[in-house]
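Novice: Here it is, the structure, as structure tokens.
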Amino acid sequence: MKLKAFNHVTGDFLETTIVFEEQNPSKCLIGRHPNCDFILNSPEVSRVHGLILYQHQAYYYIDLASTDGSRINNKPAAVNESFLIETGDGIRIGDFFVFMEFEEISAEYDSDILLNSETQIASTKTLIPQQSQQKETIVKCIKIIDETEDTKTFCLVAQPPILFNSTSFNYKPGQFVILDLEIEGKPIKRPYSISSSPSRPYNLEITVKRVSSPVNQSELSPGLVSNWLHDSFKVGDKLKISPPMGDFNYFENSHKKLLFISAGSGVTPLMSMSRWLCDTTSDFSLIFIYSVRTQQDIIFREELEFMAAKYSNFKLVINLTGKEFDLNWSGYRGRLNETMLSEIAPDFRERAAYVCGSEGFLESVQTVLKELNFPMNKYHQESFGLSSGIKPAFTSPITDTSQKGVVVFSNSKREVVCYADETILEAAQREAIDLPYGCQMGVCGRCKLRKFSGSISYDNDFECEDDYVLTCVAKVNETVTIEG
Ligand SMILES: Cc1cc2nc3c(=O)[nH]c(=O)nc-3n(C[C@H](O)[C@H](O)[C@H](O)COP(=O)(O)OP(=O)(O)OC[C@H]3O[C@@H](n4cnc5c(N)ncnc54)[C@H](O)[C@@H]3O)c2cc1C
155 MKLKAFNHVT GDFLETTIVF EEQNPSKCLI GRHPNCDFIL NSPEVSRVHG LILYQHQAYY
215 YIDLASTDGS RINNKPAAVN ESFLIETGDG IRIGDFFVFM EFEEISAEYD SDILLNSETQ
275 IASTKTLIPQ QSQQKETIVK CIKIIDETED TKTFCLVAQP PILFNSTSFN YKPGQFVILD
335 LEIEGKPIKR PYSISSSPSR PYNLEITVKR VSSPVNQSEL SPGLVSNWLH DSFKVGDKLK
395 ISPPMGDFNY FENSHKKLLF ISAGSGVTPL MSMSRWLCDT TSDFSLIFIY SVRTQQDIIF
455 REELEFMAAK YSNFKLVINL TGKEFDLNWS GYRGRLNETM LSEIAPDFRE RAAYVCGSEG
515 FLESVQTVLK ELNFPMNKYH QESFGLSSGI KPAFTSPITD TSQKGVVVFS NSKREVVCYA
575 DETILEAAQR EAIDLPYGCQ MGVCGRCKLR KFSGSISYDN DFECEDDYVL TCVAKVNETV
635 TIEG
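Here my numbering runs 154 ahead of the position in the sequence shown, where the first position is 1.
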């Protein structure tokens with residue numbers, strides 16, 4: 155493999171060939187020090203700045219706590235974390251842009267690309283930590299568990315078999331995968347949290363709640379993927395899943411005093427974390443508050459109650475939010491509020507909070523916590539998206555075909571008209587332009603692309619830097635230029 159580096163200040167161009175061992179993990183140190191394998195002589199480069207690791211036929215970049223940090227495709231690379239590197243990725247180290255060139259690629263570098271590298275290397279990809287070396291995994295369903303009337307757990311094994319805590323697929327409790335499906339001939343993707351724990355690595359489980367049509371809008375079709383999984387996906391069937399992703403996760407070095415708060419199917423990532431804690435950790439202290447409408451909606455009820463009974467450091471509190479009065483329920487009722495939280499977890503300020511559910515639920519929990527001066531630097535959340543009734547992408551035809559603006563894709567130089575009703579991703583799909591995407595609800599960040607000019611708007615509040623755009627939920631206001 156060739157490593158090339160261009161110094162955009164001095165114009166220096168360096169190149170070296172590195173031979174990585176096929177069988178064993180091998181590495182190439184990059185830095186100022188003469189013992190490094192690729193020496194970048196500049197005061198902005200640390201003595202040992204980072205390394206490229208070759209393992210299981212994949213390359214990773216790791217920043218070794220350098221003084222000025224490293225950027226991959228223009229995004230900061232967290233220290234000591236491994237990031238999958240592929241052809242076309244650019245690593246910014248001090249004044250240098252470092253590129254890898256694999257044997258099969260013989261094209262010479264285009265000097266324009268190098269000179270404009272600050273903008274050019276902002277690739278379409280999100281950084282992928284070394285949680286998986288496989289781009290996607292084929293899994294087969296070996297068991298389906300009815301958790302409640304409208305929720306099923308699908309137990310999956312990889313084809314060919316792998317352990318789900320190996321370098322091929324290494325997830326942290328709380329992460330999710332994107333299911334890559336074809337339903338009625340149309341490709342469709344949806345994210346689902348992994349509800350199993352890597353401490354039980356022989357299968358991978360996702361737990362899916364059936365989504366019905368919005369209340370009072372029965373003319374709208376019910377949730378496409380959740381219903382397809384419930385009705386059509388059977389034991390023995392296969393599907394494609396993405397590598398694990400998401401930074402809502404609990405791992406070794408995390409806080410040991412925990413407060414989990416979930417509603418409905420939002421229990422799934424917290425179930426994975428709970429299983430992990432019970433299997434691997436002795437000194438945790440967990441208070442788990444779980445809101446559901448009725449007793450019949452409690453997912454994982456038996457196992458949660460079993461864990462709470464077995465582990466004295468695991469306190470489970472279920473509260474019912476449904477309007478119907480249930481004579482057989484002596485526990486908490488109603489929405490989580492300040493009084494309830496202070497009573498259930500008097501020491502809640504000492505705990506790290508992990509909260510999961512719909513956007514509306516997260517907002518209400520945040521309000522309660524902020525009201526009680528909870529230290530929000532210990533707050534983590536996963537949104538399962540907007541409440542039902544918000545139009546999901548690709549499920550209904552565009553009705554308003556008046557032109558709203560134009561999106562220009564800087565790499566392919568293609569221009570696409572966007573209709574008033576349409577997101578950038580929908581417009582691109584209409585014109586068969588292949589853009590990356592994941593959840594289609596502005597949550598997972600997979601569709602994020604660099605925006606060079608123009609103004610866009612979102613129907614709801616989405617977190618995105620000004621010079622990037624979440625194409626799955628963004629609509630153009632005028633002519634917008636983005637990468638892709
Ligand atoms: C990170 C993450 C993890 C997740 N993990 C889980 C999990 O573990 N378990 C789980 O069950 N879910 C999970 N979800 C939610 C999941 O991804 C899906 O959003 C959910 O299953 C619904 O998808 P669907 O295809 O069934 O519904 P969709 O087809 O997307 O429909 C959603 C809603 O929109 C309504 N609708 C359809 N058409 C229209 C229209 N034209 N106008 C207005 N409304 C319309 C539908 O009736 C439905 O109520 C997760 C989401 C995220 C972001």
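Think of the CB as a built atom: it goes at the ideal place given N, C-alpha and C, for glycine as much as any other residue.
Which residues bound the beta strand (DSSP E) around V561?
Specialist: Position 407 of the sequence shown holds residue 561. Q557 to F563 is the extent of the beta strand (DSSP E) around V561.
Novice: Please list, in chain order, all residues of the same chain as E272 whose beta carbon is under 6 Å from its beta carbon, the five residues on each side excluded.
Specialist: To locate residue 272, count along the sequence shown from 1; it is residue 118. For E272, the pLDDT reaches just 31, beneath the cut-off of 50, and the residue's location in the model is therefore unreliable, leaving the point undetermined.
Novice: Roughly how many angstroms separate the alpha carbons of F454 and F468, rounded to a whole number?
Specialist: Working through the sequence shown from its first residue, we reach residue 454 at position 300. Working through the sequence shown from its first residue, we reach residue 468 at position 314. About 15 Å.
Novice: Nearest CA to the CA of G511: which residue from H534, S224 and S396?
Specialist: Numbered from its first residue, the sequence shown carries residue 511 at position 357. Per the Cα distances, H534.
Novice: Cα separation between T625 and G418?
Specialist: Position 471 of the sequence shown, counted from the start, is the residue given in the question as residue 625. Position 264 of the sequence shown, counted from the start, is the residue given in the question as residue 418. About 28 Å.
Novice: Kindly indicate which residue of S428, L194 and E336 has the alpha-carbon position closest to the one of I348.
Specialist: In the sequence shown, counting from the first residue as 1, residue 348 sits at position 194. Here the closest residue by C-alpha is S428.
Novice: Alpha carbon to alpha carbon, how far is K477 from K400? Give it in angstroms, no decimals.
Specialist: Along the sequence shown, read from residue 1 onward, the residue named residue 400 stands at position 246. Along the sequence shown, read from residue 1 onward, the residue named residue 477 stands at position 323. One detail in the question is off: residue 400 reads as Gly in this sequence, not Lys. Approximately 34 Å between the Cα atoms of the pair.
Novice: Please determine, among N227, E175, V202 and N228, the residue with the shortest C-alpha to C-alpha distance to Q209.
Specialist: Stepping through the sequence shown from its first residue, residue 209 is reached at position 55. With distances taken between Cα atoms, Q209 lies closest to E175.
Novice: Ligand 1 and T625: does any heavy atom of the ligand fall closer than 7 Å to the residue's C-beta?
Specialist: Counting from one through the sequence shown, the residue named residue 625 turns up at place 471. T625: no, Cβ never under 7 Å from ligand 1.
Novice: Under three-state DSSP, which class holds S260?
Specialist: By 1-based counting over the sequence shown, the position of residue 260 is 106. Note that S260 scores a pLDDT of 33, beneath 50, so its modelled location is shaky and nothing firm can be said.
Novice: On the criterion of 16 or more Cβ atoms from any shown chain inside 10 Å, does T233 qualify as buried, or is it exposed?
Specialist: One-based indexing of the sequence shown puts residue 233 at position 79. In the sequence under discussion, the amino acid at residue 233 is Val, which differs from the Thr named in the question. V233 is exposed by the Cβ-count criterion.
Novice: Compare the C-alpha of V362 against each of E290, E504, D300 and V597 and name the closest.
Specialist: By 1-based counting over the sequence shown, the position of residue 362 is 208. V362 has its Cα closest to that of D300, out of E290, E504, D300 and V597.
Novice: At which residue ranges does the stretch 369 to 418 contain complete beta strand (DSSP E) runs of 3 or more residues, listed in the order of the chain?
Specialist: Complete beta strand (DSSP E) runs here, min 3: 392 to 395 and 411 to 417.
Novice: Helix or strand or just coil, what does DSSP make of T321?
Specialist: The residue you call residue 321 lines up with position 167 of the sequence shown. Coil, per DSSP.
Novice: Nearest by alpha-carbon distance to D621: which of A582, I298, N631 and I610 is it?
Specialist: For this step, residue 621 is matched to residue 467 along the sequence shown. The shortest Cα separation from D621 among A582, I298, N631 and I610 belongs to I610.
Novice: With respect to the alpha helix (DSSP H) encompassing K642, which residues constitute its N-terminal and C-terminal limits?
Specialist: Because residue 642 is not part of the residues shown, which for the chain are 155 to 638, the question remains open.
Novice: Would you tell me roughly how many angstroms separate the C-alpha atoms of P415 and A507, rounded to the nearest one?
Specialist: Counting from one through the sequence shown, the residue named residue 415 turns up at place 261. Counting from one through the sequence shown, the residue named residue 507 turns up at place 353. The residue you asked about is not Pro; residue 415 is Ile in the sequence shown. Rounded to whole angstroms, I415 to A507 spans 7 Å at the Cα level.
Novice: Got a sec? Which residues, its chain only, sit under 8 Å from K388 by beta carbon, not counting five neighbours each side?
Specialist: Walking along the sequence shown from the start, residue 388 turns up at place 234. C295 and I298.
Novice: Ignore the nearest five residues each way along the sequence and tell me which others in S196's own chain have a CB closer than 6 Å to its CB.
Specialist: Within the sequence shown, numbered from 1, the residue matching residue 196 stands at position 42. Taken in chain order, the residues that qualify are G248 and D249.
Novice: D217 bridges to which residues according to DSSP?
Specialist: If you number the sequence shown from 1, residue 217 lands on position 63. G204 and V233.
Novice: Taking the alpha-carbon of M461 as reference, which of G488, W430 and D480 has the nearest alpha-carbon?
Specialist: Mapped onto the sequence shown, residue 461 falls at position 307. Closest by alpha carbon: W430.
Novice: How would you label Q583, buried or exposed, when you count the other beta carbons within 10 angstroms and need 16 or more for buried?
Specialist: Translated into the one-based positions of the sequence shown, residue 583 becomes position 429. Buried, since its Cβ has 16 or more Cβ neighbours within 10 Å.
Novice: Across which residues does DSSP place T171 in a beta bridge pair?
Specialist: For the purposes of this step, residue 171 is identified with residue 17 of the sequence shown, where counting begins at 1. DSSP output for T171 lists K156 as bridge partner(s).
Novice: Check each candidate in V623, E619 and C593 and name the one with the smallest Cα separation from L603.
Specialist: Looking up residue 603 in the sequence shown gives position 449. Of the candidates V623, E619 and C593, the one whose C-alpha sits nearest the C-alpha of L603 is V623.
Novice: Mind checking which residues open and close the beta strand (DSSP E) that includes A462?
Specialist: For the purposes of this step, residue 462 is identified with residue 308 of the sequence shown, where counting begins at 1. Note, A462: premise wrong, no beta strand (DSSP E); alpha helix (DSSP H) at R455 to K464.
Novice: Alpha carbon to alpha carbon, what distance is there between S350 and L424?
Specialist: On the sequence shown, position 270 is the one that residue 424 refers to. On the sequence shown, position 196 is the one that residue 350 refers to. Answer to the nearest angstrom: the Cα atoms are 10 Å apart.
Novice: Just to confirm, does Y325 get its C-beta within under 7 Å of one of the non-hydrogen atoms of ligand 1?
Specialist: Numbered from its first residue, the sequence shown carries residue 325 at position 171. Incorrect: Y325 has no Cβ contact closer than 7 Å to ligand 1.
Novice: Report the partner residues of E359 according to the DSSP bridge assignment.
Specialist: In the sequence shown, residue 359 corresponds to position 205, counting from 1. DSSP lists C309 as partners of E359.
Novice: Looking at V597 and ligand 1, is the gap between the Cβ and the nearest heavy atom below 7 Å?
Specialist: Counted from its first residue, the sequence shown places residue 597 at position 443. V597 Cβ: within cutoff of ligand 1.
Novice: What three-state label does DSSP hand A582 in the structure shown?
Specialist: Translated into the one-based positions of the sequence shown, residue 582 becomes position 428. Helix.
Novice: Measure from the alpha carbon of T164 to the alpha carbon of each residue in F502, E198 and L474, then state which is nearest.
Specialist: Numbered from its first residue, the sequence shown carries residue 164 at position 10. When each option's Cα is compared against that of T164, the closest is E198.
Novice: Taking Cβ positions, are V379 and L335 nearer each other than 8 Å?
Specialist: Position 225 of the sequence shown, counted from the start, is the residue given in the question as residue 379. Position 181 of the sequence shown, counted from the start, is the residue given in the question as residue 335. Cβ distance < 8 Å, so V379 and L335 count as in contact.
Novice: Measure from the alpha carbon of Q594 to the alpha carbon of each residue in S322, L183 and S537, then state which is nearest.
Specialist: For the purposes of this step, residue 594 is taken as the residue at position 440 of the sequence shown. Closest option to Q594, Cα to Cα, is S537.
Novice: Taking only heavy atoms of ligand 1 into account, decide whether any of them is closer than 7 Å to the Cβ of S350.
Specialist: Walking along the sequence shown from the start, residue 350 turns up at place 196. No, Cβ of S350 sits at least 7 Å from all heavy atoms of ligand 1.
Novice: Run the proximity test for N379: is its beta-carbon closer than 7 Å to any non-hydrogen atom belonging to ligand 1?
Specialist: Taking the first residue of the sequence shown as 1, we reach residue 379 at position 225. Reading the sequence as shown, one finds Val at residue 379 and not Asn. Checking the Cβ of V379 against ligand 1 gives yes.
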